[in-house]
Each structure stands twice: as C-alpha cells, then as structure tokens.
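To start, the structure under review is shown below, and the notes come after it.
Number of protein chains: 2
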Amino acid sequence: MLGPEIERLIQLLSRLPGLGPRSARRAALQLLKRKEALMLPLADALATAAATVRTCSVCGSFDTQDPCGVCADERRDPTILCVVEEVADVWALERASAFKGRYHVLGGTLSALDGVGPEDLNIPSLVRRASDPAVTEVILAMDATVDGQTTAHYITDRLAGANVAISRLAHGVPVGGELDYLDDGTLTTALKARRPV
Amino acid sequence: MLGPEIERLIQLLSRLPGLGPRSARRAALQLLKRKEALMLPLADALATAAATVRTCSVCGSFDTQDPCGVCADERRDPTILCVVEEVADVWALERASAFKGRYHVLGGTLSALDGVGPEDLNIPSLVRRASDPAVTEVILAMDATVDGQTTAHYITDRLAGANVAISRLAHGVPVGGELDYLDDGTLTTALKARRPV
Chain P
215 MLGPEIERLI QLLSRLPGLG PRSARRAALQ LLKRKEALML PLADALATAA ATVRTCSVCG
275 SFDTQDPCGV CADERRDPTI LCVVEEVADV WALERASAFK GRYHVLGGTL SALDGVGPED
335 LNIPSLVRRA SDPAVTEVIL AMDATVDGQT TAHYITDRLA GANVAISRLA HGVPVGGELD
395 YLDDGTLTTA LKARRPV
Chain X
215 MLGPEIERLI QLLSRLPGLG PRSARRAALQ LLKRKEALML PLADALATAA ATVRTCSVCG
275 SFDTQDPCGV CADERRDPTI LCVVEEVADV WALERASAFK GRYHVLGGTL SALDGVGPED
335 LNIPSLVRRA SDPAVTEVIL AMDATVDGQT TAHYITDRLA GANVAISRLA HGVPVGGELD
395 YLDDGTLTTA LKARRPV
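So, in structure tokens, the structure goes:
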C-alpha cells in the first residue's frame with residue numbers, strides 16, 4: 215500500500231550499515247517530512263559524491279583528486295607507509311592526527327572463509343611501493359582480528375625481499391580501558407608485552 | 215582532509231534518525247564502495263520520491279496520488295475515522311491489516327513544552343471531517359504517552375458537538391508480554407480494565 219517509490223526508498227535505505235527495515239522506514243518518513251531541508255540535499259550530495267569521489271590510484275583511499283590529498287601532500291613523510299584494511303581506517307588515523315606518513319589501503323583482509331585471496335587485495339601495488347628505495351618503513355596497521363593478523367603475516371612474508379623495516383601496531387590495554395572489563399586475550403598480550411617504567 | 219563532498223554527505227546522513235556521526239561515516243564509505251549498486255540508485259530514489267510523493271489533502275498521509283490510496287479506495291469504510299499522530303502510525307496499522315476505515319494524521323501531538331498548539335496540527339480538518347453525517351465513529355489512536363493522551367482529551371472536547379461516537383485504543387498487557395517485565399502503569403491499567411471471561 216506504500217507505493218513503489220516509497221518502497222524502493224525504504225529498501226535502499228535498509229541496505230545502509232546501521233539501518234534495518236524499521237529504522238529505514240523511520241528515515242524515509244523523516245526524509246519525506248523534510249523534503250527541502252534534508253531529502254533533496256541528500257539526493258544531491260549522493261549524486262555529487264558519486265560523480266566526483268574516486269579511488270586514489272596510489273594508495274587506494276577515497277578523494278575527489280587522484281592522487282588523493284595525502285599522497286599529493288609534499289609535507290607527508292614519503293619514507294613511511296602505513297598499511298590499513300579499509301578507507302575507514304585512514305579516516306580514523308587522520309582524525310587522531312596520529313600519523314604523518316603515507317597510507318596504503320588493502321581493501322579488506324585475506325579470508326579463506328569468504329574466498330578472499332592475495333590477488334583480491336591491493337597487495338601487488340604495496341610490494342611495488344615498498345620496493346621504492348625512498349621507502350624505509352612499512353607499518354602494518356591491520357585490525358587485531360584473526361583475519362587482520364593473518365593478512366599482516368602474509369604481507370610480512372611478501373615484503374621479506376624488500377629493504378624495509380616492518381612494524382606493527384602495539385597491542386595492549388586501550389587508553390581509558392578498565393582491566394576488569396578487558397578480555398583475557400588483551401590482558402595476556404598486555405602482560406607479555408609489558409614495558410619497563 | 216575528507217574533502218567537502220564527502221563531509222557534506224556524512225553530515226546529511228548523520229541527520230537521519232538512527233544514524234549518528236560514526237554510523238554516518240560507515241554508511242558513506244559503504245555508499246562510496248558500492249556506487250553503481252547502491253549510491254546512484256539511492257540518489258535517484260530520493261529525488262524520485264521527493265518529486266512524486268505528496269501529502270494527502272484529505273487525511274495527511276503520504277502517497278504519490280492525492281487523495282491517497284486509502285482515501286481513494288471505495289472499499290474502505292468511510293464511516294470510521296482513525297486519528298493517529300504520524301504517518302508512521304498509518305503504516306504500522308496497515309502492516310497489521312488491523313483497520314478497514316479511513317485515517318486522519320494529526321502531524322504530531324499537542325506539547326506545551328515544544329510550543330505545539332492545536333493550530334499547528336491537522337485538528338480543524340478533523341473537526342470538519344467528523345462533522346460529515348457519513349462519519350459515525352472516530353477512533354483516537356494516539357500513543358499511550360502524556361502528550362498523546364493530552365491530545366486525545368483535547369480532540370474529545372473539540373468533537374463534543376459532532377454527532378459521532380468517540381473511542382480510544384485499549385490499554386493493557388501487550389500480546390506476548392510477560393507481566394514480570396511490564397511497568398507499574400501498564401499493570402495498573404490492565405487490572406482496572408479487566409474483562410469478564
């Protein structure tokens with residue numbers, strides 16, 4: 215009874231992460247109630263971003279320019295590459311202003327279960343970039359998950375021939391974390407990797 | 215560093231109910247990764263719905279036709295009006311196939327706190343519709359909240375002159391509800407409104 219236009223809108227909205235069928239209906243109603251203020255601007259923002267945002271041919275991140283802003287920025291240290299799984303991780307590190315080098319986005323992790331092999335990820339281009347004599351260090355910043363760590367191991371092997379230092383993010387107690395709420399794996403790792411004060 | 219196009223997209227997405235800043239970023243990344251399958255269709259669905267969906271001039275619901283499908287449907291009982299707060303409530307009742315009459319959408323509730331008075335809601339048009347001799351019953355299907363019930367009381371007063379029966383939804387234990395988990399108000403109401411078996 216909703217009409218095909220509204221049904222289609224709800225169906226597409228429900229495919230966004232974080233929105234299920236119920237919240238997609240609520241979102242559709244909110245949009246229909248605020249056509250000028252929200253619905254038309256969102257339609258325009260989607261079309262504009264789809265038309266202008268592209269994948270950086272160097273690092274695999276998203277930007278309206280290619281190479282992306284980070285890769286094109288002369289002030290970023292070209293000797294250090296930070297390898298991440300997804301563009302979301304680039305955004306997270308940039309928000310933290312934690313890193314001043316360049317990025318390399320794999321586009322996922324190796325996963326036997328999902329049939330993702332090395333050829334499905336941006337690993338050949340990483341090997342190429344790491345072989346550049348200008349690059350001295352590669353930081354593996356994968357998630358601390360089984361797939362993430364498997365991918366990190368694989369990349370370490372693949373970069374064995376390149377003349378670069380390979381490092382990974384420290385694992386341990388998150389800042390602000392309470393021991394009582396941490397899982398056993400994190401506690402064990404943090405204890406093993408304890409540092410002299 | 216994200217570029218204005220992506221920033222604007224995230225900002226608009228974060229205004230949807232159910233999406234905060236973090237999930238809006240995740241949604242934006244998902245959209246950028248799936249331009250053809252999701253982003254462009256969603257942009258089109260939004261623009262199409264914005265252009266075609268309008269508010270029914272009779273009941274205040276949304277549809278691509280005016281009067282809406284329910285108001286135009288000759289098989290729906292024209293003697294009973296079901297008054298609801300929002301279009302979402304029409305959708306919920308239609309999903310339940312619980313009602314075969316016509317609807318009237320108020321567009322909100324009276325709220326002294328938010329400065330919503332009777333003139334801000336579709337109450338004058340309700341009084342007009344209820345005065346039609348063909349209408350014999352008005353069902354007040356407001357939320358069981360303070361604002362909802364205040365609005366129901368106000369409408370009852372306003373319809374005192376019209377020759378219609380006024381009813382409201384039953385309050386009590388929801389179907390499938392366990393007494394142990396119900397609030398005191400619901401239990402008290404359910405007990406007071408007990409029915410002979």
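So the sequences go chain by chain: P and X.
Under the numbering used here, the letters of the first sequence match residues 215 to 411, in that order.
Under the numbering used here, the letters of the second sequence match residues 215 to 411, in that order.
Cβ coordinates follow ideal geometry from the N, Cα and C atoms, glycine included.
Quick caveat, the model's predicted, so the values are computed rather than measured.
Please confirm whether X:A302 and P:R240 have their CB atoms less than 8 Å apart. yes
Bridge-paired residues (DSSP) for P:L295: P:R316, P:V352
What is the DSSP secondary structure of X:R248, reduced to helix, strand or coil? coil
Chain P contacts from the stretch 299-323 of chain X (Cβ-Cβ distance under 8 Å): E300, V301, A302, W305, E308
For the beta strand (DSSP E) that contains X:S345, what are its first and last residues? Taken as a continuous stretch (DSSP letters only), X:S345 belongs to no beta strand (DSSP E), being part of the alpha helix (DSSP H) at 337-345.
Give the secondary structure of X:D361 by DSSP, where H, G and I count as helix, E and B as strand, and everything else as coil. helix
The alpha helix (DSSP H) enclosing P:A379, as first and last residue numbers: Unbroken run through P:A379 is the beta strand (DSSP E), 379-382; no alpha helix (DSSP H).
Is P:P332 closer than 8 Å to P:Y368 when the C-beta atoms are compared? yes
In the DSSP assignment, find the alpha helix (DSSP H) that holds P:Q279 and state where it starts and stops. Run containing P:Q279: none; DSSP gives neither H nor E here.
Let me see if you follow: with CB-CB separation under 8 Å, is X:A326 close to chain P or not? Cβ-Cβ to chain P under 8 Å: no for X:A326.
Using the DSSP secondary-structure output, state which residues sit across from X:R239 in a beta bridge. None, per the DSSP bridge assignment.
Classify P:T370 as buried or exposed, calling it buried when 16 or more other Cβ atoms lie within 10 Å of its own Cβ. So P:T370 counts as exposed.
Assuming P:L245 contacts X:L260 under a Cβ cut-off of 8 Å, what Cβ separation, rounded to an integer in Å, is found between them? 7 Å
Quick check: the stretch 313-320 of chain P against the stretch 273-282 of chain P, are there 3 or more CB pairs under 8 Å? yes
Cβ shell of X:V298 (< 8 Å), same chain only, five flanking positions each side left out: V304, L307, Y317, H318, V319, L320, A355, M356
Could you work out which residues of chain X lie near P:T278, taking near to mean beta carbons separated by less than 7 Å? G217, E219
Need the endpoints of the alpha helix (DSSP H) that X:G399 sits in, please. 398-406
In chain order, what residues of the same chain lie with their CB nearer than 6 Å to the CB of X:S325, ignoring the 5 residues before and after it? D361
Given that a residue counts as buried once 16 or more other Cβ atoms are within 10 Å of its Cβ, and exposed if not, what is P:A263? buried
Run the CB neighbour count on P:T359, radius 10 Å, all protein chains shown included, and call it buried at 16 or more, exposed below. exposed
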